[in-house]
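Heads up: the structure comes next, in structure tokens.
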Amino acid sequence: MDLTSSQHNYLQNELLQNWWQICSLTNLSAGLLQALVLCYFLETNSKQYNLVDKNVIEIGAGTGLVSIVASLLGAFVTATDLPELLGNLRHNVLRNTKLKSKHQPCVKELSWGIDLEKNFPRSSCHFDYIMAADVVYHHPFLDELLLTFDHLCKNDTVILWAMKFRLEKENKFVDRFQTLFDLEMISNFPSLNITLYKAMRKDSMKASLPN
Ligand SMILES: C[S@@+](CC[C@H](N)C(=O)[O-])C[C@H]1O[C@@H](n2cnc3c(N)ncnc32)[C@H](O)[C@@H]1O
Numbered sequence: 000m001d002l003t004s005s006q007h008n009y010l011q012n013e014l015l016q017n018w019w020q021i022c023s024l025t026n027l028s029a030g031l032l033q034a035l036v037l038c039y040f041l042e043t044n045s046k047q048y049n050l051v052d053k054n055v056i057e058i059g060a061g062t063g064l065v066s067i068v069a070s071l072l073g074a075f076v077t078a079t080d081l082p083e084l085l086g087n088l089r090h091n092v093l094r095n096t097k098l099k100s101k102h103q104p105c106v107k108e109l110s111w112g113i114d115l116e117k118n119f120p121r122s123s124c125h126f127d128y129i130m131a132a133d134v135v136y137h138h139p140f141l142d143e144l145l146l147t148f149d150h151l152c153k154n155d156t157v158i159l160w161a162m163k164f165r166l167e168k169e170n171k172f173v174d175r176f177q178t179l180f181d182l183e184m185i186s187n188f189p190s191l192n193i194t195l196y197k198a199m200r201k202d203s204m205k206a207s208l209p210n
């Protein structure tokens, strides 16, 4: 099923604009803007990055905006976050995708670095895309975050990752990320310090994570 023009209108005219308004009115800009940057990219590049029937996982989904847009664009979506966030995430995702999406999204716990093989076995989980917005900032789980990208990413998986540069820590994370993945900047908003990256696993022998 192709997206109908009304679904496109919904994306452009209602969902993204509502979120944009929330950002400007509540000053929640830093995080949500990164999600908006990724959503805008997905919608405006939907031919090159065709999500119809693709398997997408979002990590650190928060309010679920990226998962909702990926779902409205036709993907099988798994939206993930910490257990205490799942109620709100499930509510948002359901409310914005029910009877609008081709495939009903799934909402699932994924605490970075924890029980990855148990909950997302490498042998049976294959994601075409891993999406992440505003997951790199001052928190103590950057090692676990990198482990999670590493666990979920197959050779043909594309990572789309929006991030805002605030502190030196973020630059260091990008350096570490690049030991495992080839990184390409696909969109950049210097005035907001926000960059959208595409990444794929390095095709050489799998680099190992530092201990
Ligand atoms: C700044 S918010 C970004 C939310 C959303 N991606 C967005 O752009 O609006 C960071 C998200 O990462 C999640 N997060 C933080 N630490 C985590 C961890 N250790 N495991 C899983 N999710 C985590 C938070 O619960 C939160 O939803």
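Numbering follows numbering that gives the first Met the number 0, with no gaps: position 63 of the sequence shown is 62.
Ideal Cβ placement from N, Cα and C applies to all residues, glycine included.
Which residues mark the beginning and the end of the alpha helix (DSSP H) in which residue i is found?
| i | result |
| --- | --- |
| D149 | L141 to L151 |
| L228 | Only positions 0 to 210 of the chain appear in this structure, which leaves residue 228 out of reach. |
| E116 | L115 to N118 |
| R89 | L85 to T96 |
With hydrogens ignored, establish whether the beta-carbon of residue i is closer than 7 angstroms to any heavy atom of ligand 1.
| i | result |
| --- | --- |
| L109 | yes |
| Y136 | yes |
| G61 | yes |
| K69 | Reading off the sequence, residue 69 comes out as Ala, not Lys. Because no heavy atom of ligand 1 lies under 7 angstroms away, the Cβ of A69 does not count as near it: no. |
| Q33 | yes |
| D143 | Note on residue identity: the sequence assigns Glu, not Asp, to residue 143. Yes, the Cβ of E143 comes within 7 angstroms of a heavy atom of ligand 1. |
| L64 | yes |
| A78 | no |
| A198 | no |
| D133 | yes |
| F140 | yes |
| L41 | no |
| L81 | yes |
| L115 | no |
| L166 | no |
| L84 | yes |
Let's test the definition: count the other Cβ atoms within 10 Å of the Cβ of residue i and tell me whether it reaches 16, buried, or not, exposed.
| i | result |
| --- | --- |
| N95 | buried |
| D114 | exposed |
| R165 | exposed |
| A189 | The identity of residue 189 in the sequence shown is Pro, whereas the question assumes Ala. P189 comes out exposed. |
| P139 | exposed |
| E116 | exposed |
| I193 | buried |
| D202 | exposed |
Less than 8 angstroms between the beta carbons of residue i and residue j, yes or no?
| i | j | result |
| --- | --- | --- |
| N91 | I58 | no |
| D133 | L179 | no |
| P104 | V135 | no |
| H137 | K171 | no |
| T147 | Y128 | no |
| L88 | G63 | yes |
| L145 | R175 | yes |
Which residue marks the beginning of the beta strand (DSSP E) containing residue i, and which one marks its end?
| i | result |
| --- | --- |
| F172 | From DSSP, F172 is part of no beta strand (DSSP E) but of the alpha helix (DSSP H) over E167 to L179. |
| T77 | F75 to D80 |
| I58 | First-last for I58: undefined, no H or E at that position. |
| R200 | I193 to R200 |
With a CB to CB cut of under 6 angstroms and the five nearest residues on each side skipped, what residues in its chain are close to residue i?
| i | result |
| --- | --- |
| S110 | L81 |
| E143 | W111 and G112 |
| A74 | L50, K53 and V55 |
Skipping 5 residues on each side, what residues in its chain have a beta carbon closer than 7 angstroms to that of residue i?
| i | result |
| --- | --- |
| S100 | S70 and L71 |
| T79 | I56, E57, I58, A60, K107, E108 and L109 |
For residue i, I'd like the list of residues in its chain whose CB is within less than 8 angstroms of its CB, leaving aside the five on either flank, ordered along the chain.
| i | result |
| --- | --- |
| Y196 | I158, L159, W160, A161, M162, L182, E183, M184 and I185 |
| M204 | Reliability fails at M204, whose pLDDT of 49 lies under 50, so the model's placement of it is uncertain and no value is given. |
| A206 | Its pLDDT being 47, under 50, A206 is placed unreliably in this model, and the value from its coordinates should be taken loosely. These residues qualify, in order along the chain: T178 and L179. |
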